[in-house]
Ligand SMILES: N[C@@H](CCC(=O)N[C@@H](CS)C(=O)NCC(=O)O)C(=O)O
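Numbering (my numbering), first residue to last: 1121 to 1353.
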């Protein structure tokens, strides 16, 4: 069994998609990020960066294995099931390149864009403009990669699963895919997959959708080192 620490956000969907695609048995632990579940001592032992998603795999010989960071989780699961990742050394190298691209570029830029679009105090748009530019720069990277390919690595893989969620929500982020036709087609192909639809629907009623903002929730926004030092339990 896999214990899946999840909240219905793009970063959570990445792992939900992979679990659904693999048909692995899993148990979802819904995290209340706005109430600080991510800072609890038990969770920090699994996910030391105090972020969701994380998994604990007890379907292994010996002690259960915990994994944090979505890229590491997808890589771990792809190795476990022997699917959704090329097996040859160069194919694995390409997989890592695109996983690192997502977690080091597309993801953080999209996350900041989401912050300035949906949660930051109103009144200045420097942050929004900066991260919209960065978000769309990453869409352009993906657009170039998808020329002549249906999926990032050729066949559908964990590279697509990790990059898809932040593209899925381009519109609520204030962007559009009008200038990125390959990305729009790719998004459409992935969105149709039954496993992807099930993942996106997981605890859908718990999505934030503007309820918790920088003005009313300093646990989730405006974090400092103190949030971790306190080790709330
Ligand atoms: N690089 C991380 C990012 C994870 C992340 O930012 N998760 C957010 C939710 S989308 C989170 O846990 N936020 C809670 C917080 O910031 O306190 C990954 O890809 O797993």
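Using N, Cα and C, we set each Cβ at its ideal position, and we do this for glycine too.
Proximity test, residue i beta-carbon vs ligand 1 heavy atom, cut-off 6 Å
i, result
"residue 1131", "yes"
"residue 1223", "yes"
"residue 1158", "yes"
"residue 1186", "no"
"residue 1277", "no"
"residue 1249", "no"
"residue 1153", "yes"
"residue 1189", "yes"
"residue 1172", "yes"
Expected contact under 8 Å - CB spacing of residue i and residue j to nearest Å
i, j, result
"residue 1144", "residue 1122", "6 Å"
"residue 1335", "residue 1206", "No, residue 1335 and residue 1206 are not in contact; Cβ-Cβ is about 46 Å, not under 8 Å."
Opening and closing residue of the beta strand (DSSP E) in which residue i lies
i, result
"residue 1148", "1146–1150"
"residue 1176", "1174–1177"
"residue 1122", "1122–1126"
Test item: CB-CB of residue i and residue j under 7 Å
i, j, result
"residue 1234", "residue 1293", "yes"
"residue 1174", "residue 1188", "yes"
"residue 1272", "residue 1280", "yes"
"residue 1255", "residue 1283", "no"
"residue 1097", "residue 1216", "It is not possible to answer for residue 1097, since the shown part of the chain is limited to 1121 through 1353."
"residue 1232", "residue 1286", "no"
"residue 1316", "residue 1259", "no"
Segment limits, alpha helix (DSSP H) that includes residue i
i, result
"residue 1198", "1190–1201"
"residue 1160", "First-last for residue 1160: undefined, no H or E at that position."
"residue 1335", "Per DSSP, residue 1335 belongs to no alpha helix (DSSP H) and is neither H nor E."
"residue 1302", "1301–1311"
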